[in-house]
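Counting in our numbering, the sequence shown runs from 106 upward without gaps. To keep things clear, I will list the structure first and then write my remarks on it.
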Amino acid sequence: MVATPEKSQSVKPSPTHGQERVAVLLMGYGEVESYEDFANYNEQALNLLTAKFAPVPNWIYPPLAKILAMFDFHEWGHQHDNFISPHNKIFEQQRAGIEKQLQAKWGDQVQVFKAFNFCAPFLPEQVLSEIKAEGFQKLLIYPLLVVDSIFTSGIAVEQVNKALEKLEDKDQHWVQGLRYIPSFYNEPEYINLTAQLVEEKITTDLAAAYLPSQIGIVLMNHGCPHEAKGFVSGIDESQALYEAVREKLMYKYPLISVGWLNHQTPLIKWTQPHAELAAQNLINLGAKAIVFMPIGFATENHETLLDVHHIVHALKRRNSEVTYVEMPCVNDHPEFLQMAAEWANPQIEVLLSENALSVNPQLAAVQASEHHHHHHH
Numbered sequence: 106m107v108a109t110p111e112k113s114q115s116v117k118p119s120p121t122h123g124q125e126r127v128a129v130l131l132m133g134y135g136e137v138e139s140y141e142d143f144a145n146y147n148e149q150a151l152n153l154l155t156a157k158f159a160p161v162p163n164w165i166y167p168p169l170a171k172i173l174a175m176f177d178f179h180e181w182g183h184q185h186d187n188f189i190s191p192h193n194k195i196f197e198q199q200r201a202g203i204e205k206q207l208q209a210k211w212g213d214q215v216q217v218f219k220a221f222n223f224c225a226p227f228l229p230e231q232v233l234s235e236i237k238a239e240g241f242q243k244l245l246i247y248p249l250l251v252v253d254s255i256f257t258s259g260i261a262v263e264q265v266n267k268a269l270e271k272l273e274d275k276d277q278h279w280v281q282g283l284r285y286i287p288s289f290y291n292e293p294e295y296i297n298l299t300a301q302l303v304e305e306k307i308t309t310d311l312a313a314a315y316l317p318s319q320i321g322i323v324l325m326n327h328g329c330p331h332e333a334k335g336f337v338s339g340i341d342e343s344q345a346l347y348e349a350v351r352e353k354l355m356y357k358y359p360l361i362s363v364g365w366l367n368h369q370t371p372l373i374k375w376t377q378p379h380a381e382l383a384a385q386n387l388i389n390l391g392a393k394a395i396v397f398m399p400i401g402f403a404t405e406n407h408e409t410l411l412d413v414h415h416i417v418h419a420l421k422r423r424n425s426e427v428t429y430v431e432m433p434c435v436n437d438h439p440e441f442l443q444m445a446a447e448w449a450n451p452q453i454e455v456l457l458s459e460n461a462l463s464v465n466p467q468l469a470a471v472q473a474s475e476h477h478h479h480h481h482h
């Protein structure tokens with residue numbers, strides 16, 4: 106007689122008052138769904154991202170955000186038939202899928218909330234005040250980013266910290282347990298899945314018409330600035346991810362290159378080769394078909410869609426005889442949602458079992474001044 110998992114789930118006690126519960130804060134960038142929001146979105150992004158690597162004075166942000174909004178509007182609206190990014194919708198499917206997996210194990214003790222770095226009404230501060238209001242005291246910060254760096258997911262922690270400071274109570278912080286999941290660029294399951302998706306796509310779309318040595322694969326990473334005011338920007342991790350996925354494919358498909366999706370900003374040195382150059386290099390080496398696979402992004406966005414469309418368009422003009430295949434990110438692939446939930450399990454277990462933190466925000470100011478005082482003697 107085999108016990109079915111359904112049985113064990115229904116026996117789980119529903120959380121009684123005062124039972125430990127964990128709020129998982131799943132964080133992504135978010136993307137504009139209404140063109141009116143472009144300027145606001147750009148201003149948030151400039152403040153949090155660009156400020157970390159470009160020497161830009163603060164007063165420039167609002168007017169610069171408006172100018173960039175005009176470019177965005179032109180690109181999304183005119184060049185791409187009023188493109189609306191599917192990012193937020195896919196991210197919601199990722200949130201729901203991960204929550205479903207986690208609740209199968211933990212029941213109602215765990216709930217997954219989504220927060221977007223740049224998009225109301227899901228800014229971290231808005232979501233955290235909801236989490237606090239619902240009585241959660243344990244928090245798992247989970248930026249759904251393939252590559253973690255102080256430069257990228259650091260933004261997530263920066264926003265969470267600002268929000269927690271605003272939401273703190275006087276003498277006892279409401280957060281009594283806090284953990285963090287970095288990223289998954291080096292997780293074997295993720296590396297295997299991306300390589301497997303490429304293999305499957307080649308088998309269905311290209312294998313009948315091309316030899317393996319005639320199929321070029323561009324594995325696309327998120328572009329990184331080389332100089333980011335001392336912030337570590339994720340170049341090493343992205344490079345390691347690329348090497349690991351390439352290792353899985355290269356014995357069969359020798360023509361593989363990393364392709365960085367850069368934000369070509371002036372004055373900044375970005376990772377090379379950018380995706381278009383990478384593809385052209387492979388074509389020069391005899392590739393008759395090119396597969397573009399985003400490995401440095403878990404959720405579809407305007408970079409993996411619009412930027413790659415532009416790249417393919419430019420390459421077609423120069424190499425019309427080549428076949429181009431654009432692949433999606435892992436998005437809400439069931440295997441991905443399962444592994445993303447698995448990565449959270451150990452941290453949830455720690456949060457539910459460890460003793461509550463007791464943090465008194467008022468002591469911070471006292472300690473800082475005491476340390477300062479000691480320092481000067």
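Here a beta-carbon is modelled for each residue, glycine too, at the ideal position from N, C-alpha and C.
What does residue i pair with, by DSSP beta-bridge criteria?
i      : result
His379 : Trp365
Val215 : Val127
Arg313 : What sits at residue 313 in the sequence shown is Ala, not Arg. DSSP lists no partner for Ala313.
Ile246 : Leu130 and Tyr285
Met325 : Gly364 and Pro399
Pro330 : Trp375
Ala225 : In DSSP, Ala225 forms no bridge with anything.
Ile340 : Per DSSP, none; premise fails for Ile340.
Ile320 : Ala394
Ala565 : Nothing can be reported for residue 565, as the shown portion of the chain is limited to 106 through 482.
My output table needs one value for residue i: the three-state DSSP class, helix, strand or coil.
i      : result
Met432 : coil
Met175 : helix
Ala469 : helix
Pro451 : helix
Gly182 : helix
Tyr356 : coil
Pro399 : strand
Asn297 : helix
Ser474 : helix
Ala461 : coil
Asn389 : helix
Val137 : coil
Asn424 : coil
Tyr166 : helix
Pro191 : coil
Pro118 : Residue placement at Pro118 cannot be trusted, given a pLDDT of 40 that sits under 50; what the coordinates show is reported in the next sentence. Coil, per DSSP.
Phe441 : helix
Glu304 : helix
Lys275 : coil
Asp253 : coil
By a C-beta neighbour count over all protein chains shown, 10 Å radius and 16 as the cutoff for buried, is residue i buried or exposed?
i      : result
Ser113 : Residue confidence for Ser113 is low, a pLDDT of 36 falling below 50, so the modelled location carries little weight; the figure read from the coordinates is stated next. By the neighbour-count rule (16 or more Cβ atoms within 10 Å), Ser113 is not buried but exposed.
Leu316 : exposed
Arg423 : exposed
Leu468 : exposed
Tyr134 : buried
Ala209 : exposed
Met106 : Unreliable positioning characterises Met106 in this predicted model, as indicated by a pLDDT of 41, which lies under 50. A coordinate reading is not provided.
Val435 : buried
Tyr295 : buried
Val471 : exposed
Glu136 : buried
Pro248 : buried
Met398 : buried
Leu410 : buried
Ile165 : exposed
Ala474 : Here residue 474 is Ser; the residue named in the question, Ala, does not match the sequence. So Ser474 counts as exposed.
Gly282 : buried
Gln124 : exposed
If you measure between the beta carbons of residue i and residue j, is that distance less than 9 Å?
i      : j      : result
Ala345 : Ile236 : no
Ile203 : Leu131 : yes
Ser343 : Val363 : yes
Ala220 : Gln206 : no
Ala225 : Asn145 : yes
Gly212 : His327 : no
Ala403 : Gln198 : no
Val427 : Ile388 : yes
His466 : Glu304 : Checking the displayed sequence, the identity of residue 466 turns out to be Pro instead of His. No, Cβ-Cβ distance for Pro466 and Glu304 is not below 9 Å.
Phe241 : Arg126 : yes
Lys306 : Met432 : yes
Leu311 : Ala394 : yes
Phe188 : Ala445 : no
Leu442 : Ala392 : no
Just to check my reading of the structure: residue i and residue j have Cβ atoms closer than 8 Å, yes? What is that Cβ distance to the nearest angstrom?
i      : j      : result
Ser286 : Leu233 : Checking the displayed sequence, the identity of residue 286 turns out to be Ile instead of Ser. Not a contact, Cβ separation roughly 17 Å.
Lys353 : Ala300 : 4 Å
His407 : Ser190 : 5 Å
Ile340 : Val396 : Their Cβ separation, rounded to whole angstroms, is 23 Å, which puts Ile340 and Val396 out of contact at 8 Å.
Ala419 : Glu381 : 6 Å
His331 : Lys374 : 4 Å
Phe223 : Gln149 : 4 Å
Asn193 : Glu141 : Not confirmed; about 15 Å, so no contact.
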